[in-house]
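Undergrad: Right, I'll just put the structure down here and ask away after.
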Amino acid sequence: MEIHRVLIAVVLSLVVLVVWNVIFPPAPTQRPATEQTEVERSVETEARTPEPFSPERAAPREVAQFEAVEGQQIKVETPLYRATFNSSGGVLEHFVLKKFKQTIDPDAPSIDLITPRSLAKGPMGISWNRIPTWIEGDWSFDGEDINIGSGEEQSLTFTGRVGGIDIIRTMTFTADSYEIKEDIEVINTTESQVVGELSNILATPAFSDDRYNPTRVAYFDHDGLSHEKDKQLREGFVHQNGLKWAGIGNHYFLLAFVPQTSQDSILRAELENEIYRIAVAENIYIDPGMARTMANTYYIGPKDRDYLIDAPAELHRAIYYGWFNVIAKPLIISLNYFHGHTGNYGVAILILTLVIKIIFWPLAQKSYKSMNQLKKLQPMMAKIREKYKDDRTKMNEEMMRLYKTYKVNPAGGCLPILVQIPVFIALYQGLMGAVELRHATFIQYLPFTDIVWLADLSARDPFYITPLVMGATMFLQQKMAPAPGDPLQAKIMLFLPLVFIFIFITFPSGLVLYWLTNNVLSIGQQWWCLRQVGNKPLPKPDEKKESSESPAEKPKAVPSGKAAKKKKKKQK
4 MEIHRVLIAV VLSLVVLVVW NVIFPPAPTQ RPATEQTEVE RSVETEARTP
54 EPFSPERAAP REVAQFEAVE GQQIKVETPL YRATFNSSGG VLEHFVLKKF
104 KQTIDPDAPS IDLITPRSLA KGPMGISWNR IPTWIEGDWS FDGEDINIGS
154 GEEQSLTFTG RVGGIDIIRT MTFTADSYEI KEDIEVINTT ESQVVGELSN
204 ILATPAFSDD RYNPTRVAYF DHDGLSHEKD KQLREGFVHQ NGLKWAGIGN
254 HYFLLAFVPQ TSQDSILRAE LENEIYRIAV AENIYIDPGM ARTMANTYYI
304 GPKDRDYLID APAELHRAIY YGWFNVIAKP LIISLNYFHG HTGNYGVAIL
354 ILTLVIKIIF WPLAQKSYKS MNQLKKLQPM MAKIREKYKD DRTKMNEEMM
404 RLYKTYKVNP AGGCLPILVQ IPVFIALYQG LMGAVELRHA TFIQYLPFTD
454 IVWLADLSAR DPFYITPLVM GATMFLQQKM APAPGDPLQA KIMLFLPLVF
504 IFIFITFPSG LVLYWLTNNV LSIGQQWWCL RQVGNKPLPK PDEKKESSES
554 PAEKPKAVPS GKAAKKKKKK QK
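Position 3 of the sequence shown, counted from 1, bears residue number 6 in this note's numbering, the numbering being contiguous throughout.
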């Protein structure tokens with residue numbers, strides 16, 4: 004097999020991988036339909052069969068005097084966010100992230116993860132036996148707005164009554180965290196055992212309409228992380244299998260619920276009227292005058308590893324970069340490290356690309372050396388193609404004999420590239436999904452102008468400068484490589500830079516910057532390699548191999564010394 008075909012296959016495979024990953028992300032683990040049916044059936048059975056009273060999880064409780072009040076807004080201010088709750092059930096009405104703007108305009112409003120459209124679904128509300136307690140229940144609140152400074156912690160308590168039970172919700176807020184810890188106490192105020200389902204709810208519309216950054220429902224259980232597509236959500240999704248947490252998120256933001264007390268929670272998720280909604284439910288049984296307490300954690304904020312790493316139930320696993328996640332995560336950690344020293348994510352991408360290039364320098368050097376050797380064989384390869392153009396099998400045999408004679412590996416320029424492809428794709432996926440690059444600036448204005456340019460590395464280049472330059476560097480790389488002998492292959496290779504420009508023209512500029520930098524470094528290394536070995540002759544073939552060469556590919560010996568003088572005398 005010729006090196007040109009191998010290289011074409013590698014490059015085309017890379018194009019297919021990139022495009023396929025963007026258009027068709029990795030399919031989530033699908034649960035069989037029978038499993039959902041069995042789950043629903045088991046839930047119904049549990050609801051019909053009361054569980055014996057367990058004194059370990061229930062304790063006598065003196066029910067306090069309850070007096071319902073009209074709903075009012077309660078505000079919670081921290082250095083990271085500004086949250087607004089309604090005292091009727093503790094429903095979340097706003098959650099404004101102070102460090103994240105809607106656009107790069109300095110006067111742009113901050114991101115609000117809860118919109119008026121999602122309020123009908125009751126984000127952070129509680130339902131009892133599928134009844135929305137913030138609508139059907141009575142609630143009271145005794146307190147006021149809180150403002151938390153760095154290092155501080157404060158709580159809010161909401162008390163409700165619905166269907167013969169009292170619900171006491173205590174939410175605890177910490178200044179330097181996006182986590183909201185919650186203790187829910189459910190008290191049976193009737194004279195008989197209470198059997199019911201208590202659900203915690205989260206809801207939000209799509210965070211954006213960017214097809215490269217879709218909103219998905221995610222959950223984590225003993226099988227790992229799974230995502231559900233919109234089609235399954237529109238039909239209604241149910242899951243019960245060691246659920247550790249569930250959430251709604253995209254590449255940048257996450258609304259998640261972590262049930263820390265129950266080990267058998269039920270997840271119900273849906274997409275209705277373009278609103279994503281999840282409800283994590285638990286079946287509870289409480290004897291008369293007794294109580295049941297549950298501990299939960301909400302996380303509402305960015306998918307930032309620094310904030311998620313200490314969250315419970317491995318919530319940091321919500322940061323997922325696709326097929327090569329295990330490679331992408333350390334690359335993004337390295338990117339953040341370089342940003343900590345440079346203060347500019349564009350410069351950090353340049354440094355990270357340089358480090359990767361240095362790590363793969365020996366492999367790339369071997370690849371370029373092999374390509375240069377093939378380039379020197381081009382005249383002999385052309386003769387073989389011409390001689391055996393009607394006999395493909397014989398042509399390939401002679402080609403392989405030529406490679407063997409001059410000790411050239413036709414795949415030597417391809418294999419090192421194959422090793423690097425997972426790293427390239429991993430960094431591509433990481434840069435595509437890193438919240439760190441959102442609104443991160445590289446070169447804010449076009450040089451010598453006041454025109455905004457690369458002011459947001461998560462958005463496309465507004466003037467398409469970087470993708471066009473990237474295509475030009477790819478074209479230059481091809482000119483430095485051996486030309487394919489087949490005219491059709493040569494046309495395909497020349498067309499590839501245009502394909503890459505078309506693909507990358509709408510990609511985030513941070514990703515294009517990486518690819519462009521990698522191309523420039525590759526051109527420099529290839530030029531250096533040409534300078535080092537470009538004038539060196541091919542290794543001399545062995546005598547035995549040389550004698551077995553066919554006349555078409557055996558180079559003619561040039562007489563020298565006494566032999567040359569004798570030849571001249573004979574000619575005279």
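From the three backbone atoms N, C-alpha and C, an ideal C-beta is built for every residue, glycine too.
Just mark P450 as buried or exposed, buried being the case when its beta carbon has 16 or more other beta carbons within 10 Å.
TA: P450 is exposed by the Cβ-count criterion.
Undergrad: What separation, rounded to the nearest whole angstrom, lies between the Cα atoms of K101 and S370?
TA: Between K101 and S370, the C-alpha separation is close to 49 angstroms.
Undergrad: Check whether the stretch 152 to 162 and the stretch 227 to 236 touch, using three or more Cβ-Cβ pairs below 8 angstroms as the test.
TA: The stretch 152 to 162 is not in contact with the stretch 227 to 236.
Undergrad: Considering only the alpha carbon of each residue, which of A367, R219, G474, I287 lies closest to Q266?
TA: Answer by Cα proximity: I287.
Undergrad: Within its chain, find whatever has a CB closer than 6 angstroms to the CB of F240; leave out the 5 residues flanking it on each side and keep chain order.
TA: Result list for F240: E231, A272, in chain order.
Undergrad: DSSP state of R441, grouped into three classes?
TA: It is coil, neither helix nor strand.
Undergrad: Around the Cβ of E139, are there at least 16 other Cβ atoms within 10 angstroms (buried) or fewer (exposed)?
TA: E139 is exposed by the Cβ-count criterion.
Undergrad: Give the range of the beta strand (DSSP E) segment to which V99 is assigned.
TA: Note, V99: beta strand (DSSP E), 94 to 104.
Undergrad: Contact defined as beta carbons within less than 8 angstroms: I believe T207 pairs with L116. What is the distance between those atoms, to the nearest angstrom?
TA: Confirmed, Cβ separation roughly 6 angstroms.
Undergrad: Can you tell me whether I114 is buried or exposed? The criterion is at least 16 other CB atoms within 10 Å of its CB, across all chains shown.
TA: Buried is the call here.
Undergrad: Whether or not the stretch 465 to 480 and the stretch 496 to 510 are in contact is what I'm after, with contact meaning three or more pairs of Cβ atoms, one per stretch, closer than 8 angstroms; do they touch?
TA: Taking 8 angstroms as the limit for Cβ pairs, the verdict is that the stretch 465 to 480 does touch the stretch 496 to 510.
Undergrad: Counting only runs that start and end within the stretch 361 to 392, where is the alpha helix (DSSP H) found for 4 or more residues in a row?
TA: Runs found: 364 to 379, 381 to 390.
Undergrad: Tell me whether T509 sits in a helix, a strand or coil according to DSSP, three-state version.
TA: Of the three classes helix, strand and coil, the one that applies to T509 here is coil, per DSSP.
Undergrad: Using beta-carbon positions only, say whether L257 and K184 come within less than 8 angstroms of one another.
TA: Contact flag unset, no.
Undergrad: Among the residues of its own chain, which have a CB less than 6 angstroms from the CB of Q76, if the five just before and after it don't count?
TA: For Q76, where only same-chain residues beyond five positions count, the Cβ hits under 6 angstroms are T87.
Undergrad: Using only the alpha-carbon positions, how far apart do V261 and E317 sit?
TA: Looking at the two C-alpha atoms, the distance is approximately 10 angstroms.
Undergrad: Tell whether a beta-carbon distance below 8 angstroms holds between P500 and R463.
TA: For P500 and R463, no; Cβs fall outside 8 angstroms.
Undergrad: Could you check whether the stretch 443 to 461 touches the stretch 341 to 353, counting it as contact only if at least three pairs of C-beta atoms, one from each stretch, sit closer than 8 angstroms?
TA: With the cut-off at 8 angstroms, the stretch 443 to 461 and the stretch 341 to 353 touch.
Undergrad: Give the C-beta separation of I330 and A429 to the nearest angstrom, bearing in mind that I take them to be a contact with Cβ-Cβ under 8 angstroms.
TA: 4 angstroms between Cβ atoms; contact.
Undergrad: Among the candidates A249, M383, T396, T345, whose CA atom is the shortest distance from the CA of T300?
TA: Comparing Cα-Cα distances from T300 to each of A249, M383, T396, T345, the minimum goes to A249.
Undergrad: Looking only at its own chain, which residues have a Cβ that is under 8 angstroms from the Cβ of V94, when we skip the five neighbours before and after it?
TA: Closer than 8 angstroms at the Cβ level, and outside the excluded window around V94, lie F88, L122, G125, P126, M127, G128, W137.
Undergrad: When you compare the CB positions of L205 and E285, do they come within less than 8 angstroms of one another, or not?
TA: Not closer than 8 angstroms, so no.
Undergrad: Exposed or buried, which one is W131 when buried takes at least 16 other CB atoms within 10 Å?
TA: Answer is buried; the Cβ neighbour count reaches 16.
Undergrad: Buried or exposed for V144, please, with buried defined as at least 16 other CB atoms from any protein chain shown within 10 angstroms of its CB.
TA: Strictly speaking, residue 144 in this sequence is Phe, with Val absent from that position. Counting Cβ neighbours within 10 Å, F144 comes out buried, since at least 16 surround it.
Undergrad: Name the residue from Q376, E401, T106, E439 whose alpha carbon lies nearest to the alpha carbon of L338.
TA: The option with the nearest alpha carbon to L338 is E439.
Undergrad: Assign A111 to one of two classes, buried (16 or more other C-beta atoms within 10 Å of its C-beta) or exposed (fewer than that).
TA: Classification for A111: exposed.
Undergrad: Using DSSP with H/G/I as helix, E/B as strand and the rest coil, what is A298?
TA: The answer is strand: DSSP assigns A298 an E or B state.
Undergrad: Can the beta-carbon of A321 be found closer than 8 angstroms to that of L334?
TA: For A321 and L334, no; Cβs fall outside 8 angstroms.
Undergrad: I need the DSSP call for N339, collapsed to helix, strand or coil.
TA: Correct three-state label for N339: helix.
Undergrad: Could you tell me which residues DSSP puts in a beta bridge with A259?
TA: Note: A259 sits in a beta bridge opposite G250, Y302.
Undergrad: So is Y340 buried or exposed if we call it buried at 16+ other beta carbons inside 10 Å?
TA: Exposed, since its Cβ has fewer than 16 Cβ neighbours within 10 Å.
Undergrad: Give a yes or no on whether the C-beta atoms belonging to L246 and S268 are separated by under 8 angstroms.
TA: Yes. Within cutoff.
Undergrad: Under three-state DSSP, which class holds Y448?
TA: The answer is strand: DSSP assigns Y448 an E or B state.
Undergrad: Rounded to whole angstroms, what's the CA-CA distance from P217 to I278? Just pull it up for me.
TA: Each residue's alpha carbon lies about 13 angstroms from the other.
Undergrad: Between E188, A294, Y222, P135, which lies nearest to T160 when the distance is taken from Cα to Cα?
TA: When each option's Cα is compared against that of T160, the closest is E188.
Undergrad: With a CB to CB cut of under 8 angstroms and the five nearest residues on each side skipped, what residues in its chain are close to Q105?
TA: Counting only Cβ-Cβ distances below 8 angstroms, and skipping sequence neighbours, we find A111, P112, S113, I114.
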